[in-house]
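Positions 1 to 429 (the UniProt record's numbering) are the ones given, in order, by the sequence shown. Here a beta-carbon is modelled for each residue, glycine too, at the ideal position from N, C-alpha and C. The model shown is predicted, which means the values in this text are computed figures rather than measured ones. Here is the structure we will look at.
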Amino acid sequence: MADRLGVIIADDSEQVRQSIRAMLGLDEGFVVLGEAADGQTAVELTRNLRPDVVLMDVNMPVLDGIAATAAITASGVGAGVVIISVQGEPEYLRRAMQAGARDYLIKPFTYEELVSAARRAAGRTRADPQPGPQRPRGQVVTLVSARGGVGKSLLACNLAASLALKTRLPVAAVDLDLEFGVLHSLLGVRAAATWLDVCRVEEPLTPEHLRRALTRGGIPGLGLLAAPPYPHQAAEVDGEGRAEPGRNYVAEALEALRREHDYVVVDTGRGLREGVLTALDLSDRIVVVSVPEIPALQNTARLLEILVGRLGYPRERVDLVLNMTGSAEAPRREDIERSLQYPVAHELPWDPASASWSANAGQLLVTRRARVALSEAISALAHRLIAGAADGVMASAAHASPVPAGPAADRGPGLGRRMLGLFGLGLGR
Numbered sequence: 001m002a003d004r005l006g007v008i009i010a011d012d013s014e015q016v017r018q019s020i021r022a023m024l025g026l027d028e029g030f031v032v033l034g035e036a037a038d039g040q041t042a043v044e045l046t047r048n049l050r051p052d053v054v055l056m057d058v059n060m061p062v063l064d065g066i067a068a069t070a071a072i073t074a075s076g077v078g079a080g081v082v083i084i085s086v087q088g089e090p091e092y093l094r095r096a097m098q099a100g101a102r103d104y105l106i107k108p109f110t111y112e113e114l115v116s117a118a119r120r121a122a123g124r125t126r127a128d129p130q131p132g133p134q135r136p137r138g139q140v141v142t143l144v145s146a147r148g149g150v151g152k153s154l155l156a157c158n159l160a161a162s163l164a165l166k167t168r169l170p171v172a173a174v175d176l177d178l179e180f181g182v183l184h185s186l187l188g189v190r191a192a193a194t195w196l197d198v199c200r201v202e203e204p205l206t207p208e209h210l211r212r213a214l215t216r217g218g219i220p221g222l223g224l225l226a227a228p229p230y231p232h233q234a235a236e237v238d239g240e241g242r243a244e245p246g247r248n249y250v251a252e253a254l255e256a257l258r259r260e261h262d263y264v265v266v267d268t269g270r271g272l273r274e275g276v277l278t279a280l281d282l283s284d285r286i287v288v289v290s291v292p293e294i295p296a297l298q299n300t301a302r303l304l305e306i307l308v309g310r311l312g313y314p315r316e317r318v319d320l321v322l323n324m325t326g327s328a329e330a331p332r333r334e335d336i337e338r339s340l341q342y343p344v345a346h347e348l349p350w351d352p353a354s355a356s357w358s359a360n361a362g363q364l365l366v367t368r369r370a371r372v373a374l375s376e377a378i379s380a381l382a383h384r385l386i387a388g389a390a391d392g393v394m395a396s397a398a399h400a401s402p403v404p405a406g407p408a409a410d411r412g413p414g415l416g417r418r419m420l421g422l423f424g425l426g427l428g429r
């Protein structure tokens with residue numbers, strides 16, 4: 001019994017429960033401890049029987065599968081939940097993983113898919129540290145933007161390096177721009193391994209797997225999980241090309257990284273694909289990077305509406321950072337804040353010469369002996385993140401004092417009124 005995996009089957013269809021029980025009966029490595037026809041019973045059985053795995057249908061009476069998964073995760077019993085559904089939409093997967101599910105199966109599934117998912121969920125649970133003194137989980141900081149060319153990737157790698165240098169703690173930089181990631185180039189390293197090496201691991205990902213996949217450079221404590229070499233290989237990590245379609249490699253990798261790194265800085269590509277949504281769900285801090293140009297700010301308004309208004313991320317977790325500020329022709333900060341109805345948490349000055357030098361030389365601004373305003377501003381942002389990790393929130397006066405409503409003052413002929421017209425959609429507080 002000690003070597004067999006205990007399973008609870010939760011589905012409101014007796015026929016489905018019998019089918020799953022029969023499939024598990026073909027493998028001597030499993031034993032079914034109990035069955036539940038509703039979510040509440042599944043939670044109670046899990047607390048009492050303490051299984052290794054719970055196979056949970058998403059649509060059940062009394063308590064739905066996602067709510068039951070969240071309750072099981074919060075209870076701390078250590079059972080790995082596999083969500084089962086006929087619905088394969090990314091939103092269901094996102095909600096299931098956010099609730100704490102270890103894996104996801106779509107009906108109809110094969111015997112091999114069922115056994116593989118159950119073993120992954122149980123293996124990941126058993127790999128967790130036993131009760132006792134544990135290392136705190138690292139902070140995940142994810143950078144997103146509504147368009148390219150705003151300096152997000154340059155900020156991501158310099159921010160990761162600054163965190164490593166300031167804290168002398170382990171930091172991981174993750175390139176989640178899977179098609180066209182450039183963090184390896186900006187860090188001046190040749191990637192010895194990439195996301196491809198991670199997603200080709202058959203068993204559940206552990207810190208040891210990620211340790212072997214990180215590329216080290218000249219910054220003590222900083223490791224890079226690089227993007228795949230070619231754009232089409234992105235599908236193997238986060239798309240239809242995955243060797244095991246039910247696995248969420250991004251979730252597994254980030255959870256493994258945060259077990260050994262105090263900070264995990266994630267750079268993303270354009271768009272809110274499944275892997276980016278997973279990273280956002282796991283993030284302690286979301287940094288939205290924009291520039292003070294009206295077209296970019298229009299898209300930023302839409303992105304903030306999606307993140308805060310539709311996906312429901314708390315405003316205190318989502319920080320707006322303005323890059324390339326200081327131009328006489330650019331809108332003023334107060335105009336931007338009033339128009340977006342969102343505070344600017346931090347500004348980075350316009351310094352094209354330093355940014356270009358860093359990108360072309362493959363050298364980081366924060367390690368350059370000659371300090372410039374841009375590197376100082378990035379270091380200040382890192383300091384705020386460190387303070388926020390210690391306090392639980394980013395030390396931002398802008399968050400404590402909402403921007404008052406009112407007409408934006410003009411800067412140039414009608415600029416403030418033009419901005420209000422463009423960004424009148426507003427964001428719910």
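Any non-hydrogen atom of the ligand PLP within 7 Å of V321 CB: The model on display carries no ligand, and the ligand PLP is accordingly not part of it.
Limits of the beta strand (DSSP E) - the one that R285 falls within: For R285, the enclosing beta strand (DSSP E) stretches over residues 285-290.
Contact check, L210 vs A256, beta carbons under 8 Å: Cβ atoms of L210 and A256: closer than 8 Å.
Touch test, the region 96-105 against the region 224-231, Cβ-Cβ under 8 Å, three pairs minimum: Here the region 96-105 does not lie against the region 224-231, with fewer than 3 beta-carbon pairs under 8 Å apart.
Sequence-distant residues of the same chain with beta carbon closer than 6 Å to A146, five excluded per side: Excluding sequence neighbours, A146 sits near N299, T300, L303.
Cβ pair T278, A234 closer than 8 Å: No, these two residues do not count as a Cβ contact at 8 Å.
Among G25, P108, A193, A74, nearest to P57 - alpha-carbon criterion: Sequence check: residue 57 is Asp here, not Pro. Nearest to D57 by alpha-carbon distance, out of G25, P108, A193, A74, is P108.
Rounded separation between A42 and Q18 - CA only: Rounded to whole angstroms, A42 to Q18 spans 16 Å at the Cα level.
Closest by C-alpha distance to P352, when choosing among D335, S339, R332, N323: Nearest to P352 by C-alpha distance, out of D335, S339, R332, N323, is N323.
Pick from R216, R94, L33, L169 that is closest to N248, judged by C-alpha positions: Looking at the Cα atoms, R94 is the closest of the given residues.
Candidates F180, L63, T367, of which the one nearest L187 by Cα: Taking L187 as reference, the option from F180, L63, T367 with the minimal CA-CA separation is T367.
Coarse secondary structure for R273, derived from DSSP in three states: DSSP places R273 in coil when its eight states are reduced to three.
Contacts around R242, its chain only, beta-carbon distance under 8 Å, and the 5 residues preceding and following it disregarded: Excluding the 5 residues flanking it on each side, R242 has same chain C-beta neighbours closer than 8 Å at C199, A235, E236, Y249, in chain order.
Helix, strand or coil at H184 [DSSP, three-state]: Helix, per DSSP.
Reduced DSSP secondary structure (H/G/I, E/B, other) of V366: Helix at V366.
Euclidean distance between Cα positions of G6 and G269: Near 40 Å, if we compare the C-alpha coordinates of G269 and G6.
Residue from E274, D262, G39 whose Cα sits closest to the Cα of L169: Nearest option by C-alpha distance: D262.
Supposed close pair I336, L374 - CB separation, criterion 8 Å: The Cβ separation is near 19 Å, so there is no contact.
Cutoff 7 Å; reference I9; Cβ partners in own chain excluding five residues on either side: Around I9: R17, I20, R21, V32, E35, L55.
Identity of the residues DSSP links to Y263 by a beta bridge: In DSSP, Y263 forms a bridge with Q139, V171.
For G34, the residue or residues it bridges with in DSSP: The partner list for G34 (beta bridge, DSSP) reads I8.
Collapsed DSSP secondary structure at S327 in the structure displayed: Coil, per DSSP.
Buried/exposed call for P331, threshold 16 Cβ in 10 Å: P331 should be labelled buried.
Distance CB(I83)-CB(T69) smaller than 8 Å: Going by C-beta atoms, I83 is nearer than 8 Å to T69.
V174 versus A345, T206, V141, S162, residue with shortest Cα-Cα distance: If you compare the alpha carbons of A345, T206, V141, S162 with that of V174, the shortest gap goes to V141.
Same chain, Cβ closer than 7 Å to A161, five either side skipped, listed in chain order: The answer, listed in chain order, is I219, L222, L364, V366, T367.
In DSSP terms, what T84 is bridged to: Before going on, a small fix: residue 84 reads as Ile here, not Thr. Bridge partners of I84 according to DSSP: D57, L105.
8 Å CB neighbourhood of R285 in its chain, flanking five on each side removed: Exclusion of the five residues before and after R285 leaves Q139, V140, V141, T142, R317, D319, L385, G388, M394 as the residues of its chain whose Cβ lies within less than 8 Å of its Cβ.
Endpoints, the beta strand (DSSP E) within which P349 is located: Bounds of the beta strand (DSSP E) holding P349 are 344-349.
Exposure label - A122; buried when at least 16 CB within 10 Å: With 16 or more Cβ atoms within 10 Å of its Cβ, A122 is classed as buried.
Residues that V318 bridges to, as DSSP identifies them: In the DSSP output, where bridge partners are listed per residue, V318 has I286.
Assigned secondary structure, A243 (DSSP; H/G/I helix, E/B strand, else coil): For A243, the secondary structure class from DSSP, reduced to helix, strand or coil, is coil.
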